[in-house]
Structure formats: C-alpha cells, structure tokens
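Residues 1 to 176 in our numbering are what the sequence shown lists, from first letter to last. Quick reminder that beta carbons are idealized off the backbone N, C-alpha and C, glycines included.
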Amino acid sequence: MRHSHKQPQKKYYEINYQINADNLRVINEKGEQVGVMSKNEALKKAQELGLDLVLIAPHAQPPVAKIIDFKKFLYQEEKKAKEAKKGVKKSITKDINLGLFIAEGDLLRLVEKGKEFLADGNQLRINLTLKGREIAKKQMAFDLINKFLRLLGEINISKPPKLEGRVVRTVVAKKK
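See the structure below:
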C-alpha cells in the first residue's frame, strides 16, 4: 500500500538574471517605489546594495520587482505561512462502534468517551454494524442509536441516522 504525503507547493520566485521582463517597476528595500526602469539598471542597483532583485508580481504591467535580501525574504514568507496555519484548527471525526446487543455498562462507557471527544471539539461518527440475521432488526438498531444520542445530551446532528448497507451511521457535533 502506497501512502501519498502531499508536500505543500513551494512558491517559485524569479530572482536576478532569471527575470525575463525588459522593464520593471522597482521597489527598494524600505518598501518605497523607485520607479520604472530597465532590468539591467535594477540589477545594477541591487548589486550595489549587496541585495537581490526579486520578481514579486510577474503579471502586473509592468512587472513589479523588489530589491531585498532573498534568503531573509523566504524566511519571512515561511514565518507568515506558519502563523496563518496556527489559527486553523482541524476538526477530526472520531468513530464509536456499537453492536446491536451491547450491554448497558458498555453503552454508558462509550457515551462518556463520546462526550470527551465532543468536548475536545471533534465530530463524532456513531456506527452500529448489523451482523448476520441482525439485519432484520433495523428498528432496534435505530432505537439504540437514538438512545445513544439522547445520552450524549446537547448535540447538533450533522447527519441523521441512516442505514448504509449493514451499518446504521450518524454524525454529530457539539452544540455551539
């Protein structure tokens, strides 16, 4: 089995001699506009300062280039991306699997586990698999799922209980 771990796409920047445009709108290291000049003039200016000429808006008319330290620029871009990522919390869906003839004590233990998952901000998927001849007892399965939902307390039902093949499945989340 092959796992695919997607690497985030790195943004590609044209720097110094990689820039193809003839004329550029140039911004200096302080963020002030210098004006429109030829690529060679802009490169000369950047080299005098010991910095790089980086194309930051290739589709503008004329393209916009900035005179900056490229390594420092990449570091700051990476830092911004990490900061943006911090604010986003992934909602994880946790599963709880029930059986049709589950004992009362086991049911209560799973309800407590479900409450913990919901308290952590996760969604909860409740699955009740019908095995063998249990498929004839669909109403019992729905009654058990509904009892489980009542025991969970204050919840939002994202996906109401539904029979999917041999599994009665529902998805719930914490009430906001």
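Apart from sequence neighbours up to five positions away, the residues of its chain that approach V167 with a beta-carbon distance below 8 Å are N127, L128, T129, L130, ordered along the chain. Rounded to whole angstroms, the separation of the alpha carbons of A57 and P63 is 6 Å. With 16 or more neighbouring CB atoms inside 10 Å of its own CB, R25 falls in the buried class. Contact between N28 and V34 holds, with the beta-carbon distance rounding to 5 Å and staying under 8 Å. Residues I15, N16, I19, A42, L43, A46, A65, I67 of the same chain have their beta carbon placed closer than 7 Å to that of L53, with the five preceding and five following residues left out of the count. The way I'd put it, the stretch 150–157 does touch the stretch 110–117; three or more beta-carbon pairs between them come closer than 8 Å. Counting only residues of its own chain and dropping the five nearest sequence neighbours on each side, N122 has a CB closer than 6 Å to the CB of I92, K94.
Unbroken alpha helix (DSSP H) runs of no fewer than 4 residues, entirely contained in the stretch 78–142, are found at 104–119, following chain order. CA-CA distance, F142 to K90, rounds to 30 Å. For a cut-off of 8 Å, the C-beta gap from D69 to L51 is around 5 Å, short enough to register as a contact.
For the 8 Å CB-CB criterion, I96 and L124 form a contact.
DSSP, reduced to helix, strand and coil, places A21 outside both helices and strands of the structure shown, so it counts as coil. Taking C-beta atoms as the reference points, K175 and I155 count as a pair closer than 8 Å.
In this chain, the beta strand (DSSP E) harbouring A173 covers 167–174. Around the Cβ of L118, a 10 Å sphere holds 16 or more other Cβ atoms; the residue is buried. Beta-bridge partners assigned by DSSP to D52: I68. Here the C-alpha atom of M37 lies approximately 60 Å from the C-alpha atom of V171.
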